[in-house]
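Novice:
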Amino acid sequence: MAHPETAGKTIISSSDFARVVDRLAHQILEKTDGARDTILLGVPTRGVPLARRLAGRVRAFEGVEVPVGSLDVTLYRDDLRLRGARAVGPTELPPGGIDGHRVILVDDVLFSGRTVRAALDALSDLGRPRVVQLAVLVDRGHRELPIRADYVGKNLPTSLDEKVRVRLAETDGADEITIESGEVRA
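In full-length UniProt numbering, the protein residues as written are 1 to 186.
1. So, helix, strand or coil for residue 87, using DSSP?
2. What do you reckon, are the CB atoms on residue 92 and residue 127 nearer than 7 Å?
3. Comparing alpha-carbon positions, which option in 102, 78 and 17 lies nearest residue 112?
4. Pop quiz: residue 178 and residue 31 are said to be a contact at Cβ under 8 Å. What is the actual Cβ separation, rounded to whole angstroms?
5. What residue from 133, 74 and 139 has the CA that sits closest to residue 224's CA?
6. With a 10 Å radius around its C-beta and 16 neighbouring C-beta atoms as the bar for buried, classify residue 221 as buried or exposed.
7. Look at residue 106 and residue 47 and say whether their C-beta atoms are less than 7 Å apart.
8. Can you tell which of 65, 80 and 97 has its C-alpha closest to the C-alpha of residue 114?
9. Locate the beta strand (DSSP E) running through residue 64, then write down its first and last residues.
10. To which residues of the same chain is residue 90 closer than 7 Å at the C-beta, ignoring the five residues directly before and after it?
11. I need the DSSP call for residue 127, collapsed to helix, strand or coil.
12. Just how far apart, CA to CA, sit residue 24 and residue 42?
13. Would you report the Cα separation of residue 139 and residue 156, rounded to the nearest angstrom?
14. Take the Cβ of residue 173 as the centre, count every other Cβ of all protein chains shown within 10 Å, and call the residue buried at 16 or more, exposed below.
15. Three-state secondary structure (DSSP) at residue 180?
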């Protein structure tokens, strides 16, 4: 059921949400040799709790502890002068850093690819991972940069005038993915 503040068409309800997260966790396990030498870095806001959930599901499925951190990309964005001031969030790396590890960037929605580009720039200032991959809950298309996700929970073709809204229990009180009309481009 859509909530009044989202008032959009529900694409994934809370009952199906866990299956999408589980699908992502299984993809990661399959493509990383059981998440060996893997670090999950969530991109704020919703990428951070999503990364924690994925680590929890990997632990539940395989008993493997995957380090989790956060990577704030605010100062690396190419739209700082187009948007109002934004608070800089924390960047928290697991003990031992990222050098030589597989780093999987985790975000809720992949759209233009600009947030991912900013994350790659931020990551290069923090160390040198062996490989960098991308996990997203929703890939909605409309890329402006040559970026693709390695792990996708749900491909959701949209029009440019639609907005995909992800709500997470940790940040919004419920798990849900909706599509709303009349997007203001971010």
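All residues carry an ideal CB built from backbone N, CA and C; glycine is no exception.
Specialist: So, from the listed chains and residues:
1. coil
2. no
3. 78
4. With a Cβ gap of about 29 Å, residue 178 and residue 31 do not count as contacting.
5. Missing from the structure shown is residue 224; the chain here goes from 1 to 186 and no further.
6. Residue 221 lies beyond the stretch modelled for the chain, which goes from 1 to 186, so this question has no answer here.
7. yes
8. 80
9. Taken as a continuous stretch (DSSP letters only), residue 64 belongs to no beta strand (DSSP E), as it is neither H nor E.
10. 70 and 72
11. coil
12. 14 Å
13. 6 Å
14. exposed
15. strand
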